[in-house]
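Undergrad:
In the UniProt record's numbering, the protein residues as written are 1 to 114.
1) Distance, Cα to Cα, residue 110 vs residue 16?
2) Of all the alpha helix (DSSP H) runs that stay within the bounds of the region 2-71, which reach a length of 4 or more residues?
3) Out of 2, 21, 44 and 10, which has the shortest C-alpha to C-alpha gap to residue 80?
4) Could you pull out every residue in the same chain whose Cβ sits closer than 6 Å to the Cβ of residue 42, ignoring the five residues on either side in sequence?
5) Since residue 75 is in the beta strand (DSSP E), which residue starts that stretch and which ends it?
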């Protein structure tokens, strides 16, 4: 596969992950290259990758997320340091306790190229 073909193929799996949320003191952006801070709100971003459903068991994912609504589920992999500042304290200190929860007002956006 030539370089242009490889790049075209890779675009099918590439995403931009953006996490934004409240940050009154502007501390969440420390050590992050791609960040924005404005009026008590920090936005961090990083690259991510869509995981093809051949790499995971879709039935297990549906069970974990307690969904069987016929929606298409996609898993995205990105760096943990992007999401970690916006997790609740309980989930930052002990990740083994259930599904991670974001602090109130935080959100994760996944952007894909079409």
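Glycine included, each C-beta is placed from N, C-alpha and C at the ideal position. Note that the structure is a prediction, hence the values are computed from the model and not measured.
TA: Taking the definition as stated:
1) 6 Å
2) 3-11 and 58-64
3) 44
4) 23, 28 and 29
5) 75-77
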